[in-house]
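Here the numbering used here = 1-based position in the sequence shown + 26.
Even for Gly, the Cβ is constructed at its ideal location relative to N, Cα and C.
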Amino acid sequence: MIYLDYNATAPLHPRVERGLKKAAARFANPSSVYHAGRQAKEAIESSRETLAAHLNADPAQITFTSSGTEANNQILQTIWTSALREGRNPHFIMSATEHACVRNTAAFLREMGVAVTEIGVDEWGLIHLDELAAALRPDTALVSVILANNETGTLQPLPQIVALAHAKNVPVHTDAVQAFGRLGLDFRASGVDFMTLSAHKIGALKGVGALLAKTPAQLNPLLHGGPQEKQKRAGTENTLGIMSLEMVLEAEVSPIDLAALTAYFEAQIHREIPDVIRNGHPTLCLPNTLNLSFLGTQGEAIVMNLDLAGIACSTGSACSTGSIDPSHVLQAMNVGPDRLTSAVRFSLGPQTTPAELDQVVAAIKPLVARLRMQ
Ligand SMILES: Cc1ncc(COP(=O)(O)O)c(C=O)c1O
27 MIYLDYNATA PLHPRVERGL KKAAARFANP SSVYHAGRQA KEAIESSRET LAAHLNADPA
87 QITFTSSGTE ANNQILQTIW TSALREGRNP HFIMSATEHA CVRNTAAFLR EMGVAVTEIG
147 VDEWGLIHLD ELAAALRPDT ALVSVILANN ETGTLQPLPQ IVALAHAKNV PVHTDAVQAF
207 GRLGLDFRAS GVDFMTLSAH KIGALKGVGA LLAKTPAQLN PLLHGGPQEK QKRAGTENTL
267 GIMSLEMVLE AEVSPIDLAA LTAYFEAQIH REIPDVIRNG HPTLCLPNTL NLSFLGTQGE
327 AIVMNLDLAG IACSTGSACS TGSIDPSHVL QAMNVGPDRL TSAVRFSLGP QTTPAELDQV
387 VAAIKPLVAR LRMQ
């Protein structure tokens with residue numbers, strides 16, 4: 027298989043594949059007081075410290091969760107329940123291009139009486155900063171903006187977003203799931219109050235997310251139970267998954283220049299196939315993501331036919347693929363009906379090779395020509 031869907035998930039990092047057997051010895055419950063339990067606990071704390079060093083954060087600011095989805099839910103629901111305790115229902119602001127786990131949490135909160143303002147984006151997917159400034163109200167309790175879009179790779183101007191929100195004393199959350207491991211992330215310097223990450227996007231095991239909070243004491247648990255994660259996330263920890271994250275973070279950084287590889291792929295496609303338009307910002311973008319509309323075709327048909335040829339890519343986010351709803355991200359960018367339905371997302375990773383990309387171009391060229399004739 028030629029795998030070009032790294033934004034959905036990454037294959038296990040070779041270091042994790044090698045390290046898992048040894049790590050399996052840390053099976054004891056990290057809450058157990060005997061030696062093996064303490065060793066499991068130490069392994070978790072070691073991973074927390076490595077992650078903190080990687081992100082320029084304090085280890086105490088990191089809470090491990092089961093996923094990026096859970097971390098995003100916990101942050102939004104923390105702000106909501108804290109406001110409810112003070113007898114008010116808060117106002118949230120988010121971009122129109124958030125991942126489903128933020129959008130659908132916001133939809134749930136709306137049902138619960140929370141006011142949510144969605145800020146539009148321009149044709150590149152960049153948030154309208156003037157709209158954001160105008161939307162901030164005295165009761166606004168959170169601004170939540172995805173750092174790197176999972177469908178297009180577009181990067182939001184976080185410093186400006188933080189400056190606008192903080193000027194009105196409004197905390198900022200950024201969903202950095204796609205940026206993690208692909209861009210240098212600095213939690214302290216970013217100024218954000220909350221950040222979320224997911225381990226499986228960088229080749230660790232699935233089932234581990236991380237929530238960073240500037241002031242972790244503010245967090246309210248989503249799951250109630252035992253005292254794990256300083257009472258902020260009950261449930262026996264996923265020791266192996268958390269250890270696998272540290273294995274990836276400590277691995278040598280791949281020498282592959284993903285931006286150059288992605289640019290090569292894009293250039294080859296444009297050279298071979300006419301009427302292809304890139305969706306997303308051409309430079310303020312993740313180095314690995316290429317969202318292309320093959321005008322006059324259906325993106326779904328391209329994805330399915332490429333699958334038959336052993337090539338994995340997608341029409342959008344893994345969570346919305348399978349539904350026939352067109353991408354809310356491209357809709358927010360107002361790309362028009364043909365670009366909307368003919369979009370395909372390719373997301374490259376450290377194991378991608380130029381030869382594989384040549385094969386993909388060779389497979390797409392006749393396929394697009396055939397689909398355009400139908
Ligand atoms: C931007 C973004 N946020 C959140 C998530 C959810 O992360 P997880 O798969 O760990 O629940 C994803 C995964 O697709 C994502 O791309």
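Item, Value
"Candidates Pro37, Asn33 and Ile28: which alpha carbon is nearest Ser270's?", "Pro37"
"Would the beta-carbon of Ala388 fall within 9 Å of that of Leu318?", "no"
"Would the segment 280–296 and the segment 360–376 be scored as touching if the rule is three or more Cβ pairs under 8 Å?", "yes"
"With H, G and I counted as helix, E and B as strand and the rest as coil, what does DSSP make of Ile153?", "strand"
"Comparing the CB of Cys311 with every heavy atom of ligand 1, is any distance shorter than 8 Å?", "no"
"Identify the continuous beta strand (DSSP E) that holds Phe90 and give its terminal residues.", "Ile88 to Thr91"
"Consult DSSP for Glu144 and reduce its assignment to one of helix, strand or coil.", "strand"
"Should Ser121 and Val59 be called a contact, given that it needs their Cβ atoms to be closer than 9 Å?", "no"
"Confirm the yes/no value for this check: CB of Val355, any heavy atom of ligand 1, distance under 8 Å.", "no"
"Taking contact to mean at least 3 C-beta pairs separated by less than 8 Å, is the segment 97–117 in contact with the segment 127–135?", "yes"
"Quick one: what's got a C-beta closer than 6 Å to Asp384's C-beta in the same chain, skipping five residues either side?", "none"
"Using 8 Å as the cut-off, can you tell me whether the segment 190–207 makes contact with the segment 322–332, which would need three or more C-beta pairs spanning the two stretches below that distance?", "no"
"Any contact of the segment 238–246 with the segment 214–226, i.e. 3+ C-beta pairs under 8 Å?", "yes"
"Who are Asp201's beta bridge partners in DSSP?", "Ile172 and Thr222"
"Below 9 Å between beta carbons: does that hold for Val140 and Phe118?", "yes"
"Around the C-beta of Thr367, are 16 or more other C-beta atoms found within 10 angstroms, so that it is buried, or is it exposed?", "buried"
"Quick check for students: name the residue ranges of the beta strand (DSSP E) that lie wholly in the segment 321–389, counting only runs of 3 or more.", "369–373"
"Could you tell me the alpha carbon to alpha carbon distance between Asn99 and Tyr29, rounded to whole angstroms?", "29 Å"
"Taking Val128 as part of the beta strand (DSSP E), name the residues at either end of that continuous run.", "Where Val128 is concerned, there is no enclosing beta strand (DSSP E), although the alpha helix (DSSP H) it sits in stretches over Ala126 to Glu137."
"Suppose you measure from the CA of Phe90 to the CA of Pro40; what does that come to, to the nearest Å?", "23 Å"
"Quick one: Cα of Phe53 to Cα of Leu135, how far?", "38 Å"
"Just the C-alpha distance for Glu144 and Val274, rounded to the nearest angstrom, thanks.", "35 Å"
"Can you check which of these residues, Lys258, Val234, Gln204 and Pro380, is closest to Ala86 by C-alpha distance?", "Lys258"
"Heavy atom of ligand 2 less than 8 Å from the Cβ of His226, yes or no?", "By its list of ligands, the structure shown excludes ligand 2, since it contains just ligand 1."
"Tell me whether Ile303 sits in a helix, a strand or coil according to DSSP, three-state version.", "strand"
"Can you tell me where the beta strand (DSSP E) holding His117 begins and where it ends?", "His117 to Ser121"
"Report the start-end ranges of each beta strand (DSSP E) in the segment 257–310 that is 3 residues or longer and not cut off at the edges.", "302–305"
"When burial is assigned at 16 or more other CB atoms within 10 Å of the CB, is Gly229 buried or exposed?", "buried"
"If you draw a straight line from the alpha carbon of Asn264 to that of His354, how long is it in whole angstroms?", "33 Å"
"When the Cα atoms are used, what is the spatial distance from Ile390 to Thr178?", "20 Å"
"In this structure, how does DSSP classify Ser319 when only helix, strand and coil are distinguished?", "strand"
"Whole angstroms are fine: how far does the CA of Ala126 sit from the CA of Cys345?", "Bear in mind that the predicted position of Cys345 carries a pLDDT of just 46, short of 50, making it unreliable; the figure below should be weighed with that in mind. Whole-angstrom Cα-Cα distance: 7 Å."
"Tell me which same chain residues have a C-beta within less than 8 Å of the C-beta of Ala78, skipping the five on either side of it?", "Asp84, Pro85, Gln87 and Ile88"
"For Asp31, which residues in the same chain have their Cβ closer than 7 Å to its Cβ, ignoring the five residues on either side in sequence?", "Ala338, Cys339, Ser340 and Ser373"
"Can the beta-carbon of Ser92 be found less than 9 Å from the beta-carbon of Glu272?", "no"
"Under a Cβ-count criterion, where at least 16 other Cβ atoms within 10 Å of its own Cβ denotes burial, should Ser224 be classed as buried or exposed?", "buried"
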